[in-house]
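Colleague:
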Amino acid sequence: MNGEERRERILSLLRSANAPRSGSDLARELGVSRQVIVQDMALLRARTDLEILSTYRGYLLRTDTASCRRVFKVRHCAADTERELQEIVDLGGRVEDVFIYHKVYGVVRGALRIASRKDIAAFLKKLEEGRSEPLMRITDDFHYHTVAADSEETLDVIEARLKETGFLAPLREYEPEDVTGR
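Numbering follows my numbering, with no gaps: position 81 of the sequence shown is 92.
1) Would you say the segment 43–53 touches the segment 87–96, given that touching needs at least three Cβ pairs under 8 angstroms?
2) So, using beta-carbon positions, are residue 111 and residue 146 closer together than 9 angstroms?
3) Within 10 angstroms of its Cβ, does residue 57 collect 16 or more other Cβ (buried), or is it exposed?
4) Let me know if residue 155 comes out buried or exposed under the rule of 16 or more other beta-carbons within 10 Å of its beta-carbon.
5) So, using beta-carbon positions, are residue 123 and residue 169 closer together than 9 angstroms?
6) Could you check whether residue 72 and residue 26 sit closer than 9 angstroms to each other, using their CB atoms as the reference points?
7) Tell me, please, whether the segment 128–143 touches the segment 155–167 by the rule of three or more beta-carbon pairs shorter than 8 angstroms.
8) Assign residue 37 to one of two classes, buried (16 or more other C-beta atoms within 10 Å of its C-beta) or exposed (fewer than that).
9) Anyone know if the C-beta pair for residue 86 and residue 153 falls short of 9 angstroms?
10) Which one or two residues does DSSP pair with residue 157 in a beta bridge?
11) Which residues in the same chain as residue 79 place their Cβ atom closer than 8 angstroms to its Cβ, once the five residues preceding and following it in sequence are excluded?
12) Do residue 31 and residue 81 come within 9 angstroms of each other at the CB atom, strictly closer than that value?
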């Protein structure tokens, strides 16, 4: 199979997947190295209008039908990460990413794709096993999430709940107002 055929096969596998597919699994199934898969993903992203996401669990095609998205700036300690994410998903939100705004580096972003308590548990386990620190540690616990939902009303309810819990944070004077997309 040549490269073009392999990339078409990757798209087919991602379209039919009901969960993220790891680069190692795709490589094994297609008989190539994981590095070849990484290169194929870069080519697919550059040459198609499809959005291929890299999550901590693997690759997936963005296929959600959520028509509404909002960025929330939040602040809490690491121990409250689970509670914060649960508040969002329990109200019907899907946490697409986490990012920080750093005065020197600008925006630093990581894909999450968290839509359930099961996803939250897997994410927290991955953080723990990797002995990694959350991005928010770099910015005194301030960070942002892009949250998708089926309606603006759902996003309004999520925003109100984040405010009620004390997680919602105001922009600082040095942050560009467009960092939140509002």
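Backbone N, C-alpha and C define an ideal beta-carbon position, used for all residues, glycine too.
What you are looking at is a predicted structure, and each value in this text was computed from that prediction instead of being measured.
Modeller: Reading it off the structure:
1) no
2) Cβ atoms of residue 111 and residue 146: closer than 9 angstroms.
3) Around the beta carbon of residue 57, a 10 Å sphere encloses fewer than 16 other beta carbons of the protein chains shown; the residue is thus reported as exposed.
4) Note on residue 155: 16 or more other CB atoms within 10 angstroms of its CB, so buried under the neighbour-count rule.
5) no
6) With respect to the 9 angstroms criterion, residue 26 and residue 72 are classified as neighbours on the basis of their beta carbons.
7) These segments do not touch.
8) buried
9) yes
10) 82, 108
11) So the list reads 159, 160, 161, 162, 163, 165, 166, once near-sequence residues are dropped.
12) no
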